[in-house]
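Reading the sequence shown from the start, the letters are residues 0 to 278 in numbering that gives the first Met the number 0. The block underneath contains the structure these notes are about, expressed in structure tokens.
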Amino acid sequence: MWVWSKLSPIQWEDAWEERFHGNPNVVLTRLKGGRSVRVEVYCDEESEAIQVAEQFGGRVRKLEDKNWMALTATPGPPIKIRGSLLVTPEVDPSRIRELVRIHGGRTVVRIPAEMAFGTGDHPTTASCLRFLADEAESHRGRPWRMLDLGCGSGVLAIAANLLGAEECDAIDHDAKAVAVAWNNVDRNKARGVTVTQEDLLQWVPVRQYEVVVANLFADVLEASFGKIGEMLDPAGAFILSGVLREQWTRVEAQARKKGLAFSEVTRKGKWVSARGGFG
């Protein structure tokens with residue numbers, strides 16, 4: 000594995016995030032002091048990393064196949080979702096017990112930083128988690144199944160399973176994401192979650208789901224709305240995220256063409272998330 004890296008002033012963090020949006024192999028790390036951010040892109044081939052360096056400067060180096068992000072990251076504070084969920088990068092058993100004591104009654108999801116896959120603190124993921132918590136509450140006492148499209152670390156499928164979804168299928172096109180997600184499934188004992196490597200645009204689903212979540216960038220969403228409609232139960236809920244504000248009007252119009260409409264839309268910074276179903 001190869002990695003391209005570059006140090007940048009903290010005020011450019013959003014610009015880097017937007018530039019690499021949709022690339023699951025990007026890591027942005029705020030350095031101590033809060034004045035700088037380290038931007039890293041992990042690549043399978045040296046030529047890929049060199050191509051990034053030619054465009055943005057920075058440096059390229061070869062890595063052993065280790066969990067470099069986990070070795071360098073400092074666990075952040077837990078993320079509280081509604082009154083039901085707590086997402087934490089902590090893995091130390093004593094810290095987990097302390098979190099359970101402090102936040103009694105919440106379901107704890109452990110998602111440590113691994114490679115380039117998120118822990119749930121990005122606005123797009125956090126918004127999906129809030130919508131998922133609402134769906135879990137509305138399905139209380141009734142069976143439901145969930146589909147996670149572009150699962151990354153697996154946090155959404157794991158949270159859904161621990162909040163009551165009997166079966167959660169998660170797919171991602173990236174083999175590393177699938178491996179990371181399986182590790183997190185085992186770590187959280189989320190026995191109702193299955194993770195597979197699939198290309199969403201080519202994948203043929205074999206069932207429908209009461210809840211479908213797609214935290215994807217706009218182009219993939221627009222190309223997939225027809226297929227998402229086939230996956231969604233007629234009375235089901237569709238949650239999407241990963242759409243920039245300036246893309247939302249176009250994305251919503253494409254969704255409506257496929258019979259999907261949104262009753263709730265949230266905007267966090269430059270990101271838009273929404274929940275709806277068949278209009």
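Every residue gets a Cβ at the ideal spot worked out from N, C-alpha and C, and that includes glycine.
message: Cutting at 6 Å between CB atoms, please list the residues of its own chain near Ala254, excluding the five before and the five after it.
response: Phe224
Taking three-plus beta-carbon pairs below 8 Å as touching, is the segment 166 to 178 in contact with the segment 232 to 252? no
| field | Residue from Val210, Leu215, Val250 with nearest C-alpha to Leu231 | value | Val210
Please classify Trp11 as buried or exposed, where buried requires at least 16 other C-beta atoms within 10 Å of its C-beta. exposed
message = Going residue by residue through the segment 105 to 177, where are the continuous alpha helix (DSSP H) segments of at least 4 residues, counting only ones entirely within it?
response = 122 to 137, 154 to 161
Note to self: I need the straight-line Cα distance from Met114 to Glu165, nearest angstrom please.
What the structure shows: Low confidence applies to Met114: its pLDDT is 46, below 50, so where it sits in the model is not reliable, and the reading given next is rough at best. Their Cα atoms are separated by approximately 29 Å.
Could you tell me whether the Cβ atoms of Leu215 and Leu148 are closer together than 8 Å? Cβ atoms of Leu215 and Leu148: closer than 8 Å.
Problem - Residue from Ile238, Gln201, Gln54, Asp133 whose Cα sits closest to the Cα of Lys226 - result: Gln201
To which residues does DSSP link Leu6 through a beta bridge?
-> Answer by DSSP bridge pairing, in chain order: Arg37.
Q) What three-state label does DSSP hand Ala236 in the structure shown? A) strand
Where does Pro111 land, buried or exposed, given buried means 16+ other C-beta within 10 angstroms? buried
C-alpha distance - Gly32 paired with Lys267, whole-angstrom precision:
Straight across, the Cα-Cα distance linking Gly32 with Lys267 is about 25 Å.
Note to self: Using only the alpha-carbon positions, how far apart do Asp91 and Gly235 sit?
What the structure shows: 37 Å
Worksheet item: Ordered along the chain, which non-local residues of its own chain (more than five positions away) have a Cβ less than 7 Å from that of Thr87?
Response: Pro77, Leu98, Val107, Arg109
Self-check item: Integer Cβ distance of Lys257 from Gly276, believed to fall under 8 Å
Solution: Actually they are not in contact, since the Cβ atoms of Lys257 and Gly276 sit about 12 Å apart, beyond 8 Å.
| field | Reduced DSSP category for Asn214 - H, G, I as helix; E, B as strand; rest coil | value | strand
*When we look at the beta-carbon of Thr248 and count the other beta-carbons within 10 Å, is it buried (16 or more) or exposed?*
exposed
Quick check on Arg283: does DSSP put it in helix, strand or coil? In this structure the chain extends from 0 to 278, so residue 283 is not present and cannot be described.
- Message: Contact defined as beta carbons within less than 8 Å: I believe Ser83 pairs with Ala132. What is the distance between those atoms, to the nearest angstrom?
- Response: 5 Å
Got a sec, what are the start and stop residues for the beta strand (DSSP E) Val90 sits in?
-> Taken as a continuous stretch (DSSP letters only), Val90 belongs to no beta strand (DSSP E), as it is neither H nor E.
- Excluding sequence positions up to five away, which residues of its chain have a Cβ less than 7 Å from the Cβ of Glu251? Phe261
**OP:** Confirm, please, whether the CB-CB distance from Val192 to Ala156 is below 8 Å.
**Re:** In contact: Ala156 and Val192 (Cβ atoms closer than 8 Å).
Burial state of Ser272, where buried means 16 or more other Cβ atoms lie within 10 Å:
Buried is the call here.
For Phe116 and Val26, what's the separation of their Cα atoms in angstroms? A caution first: Phe116 carries a pLDDT of 47, below 50, which makes its placement in the model too unreliable to give a value.
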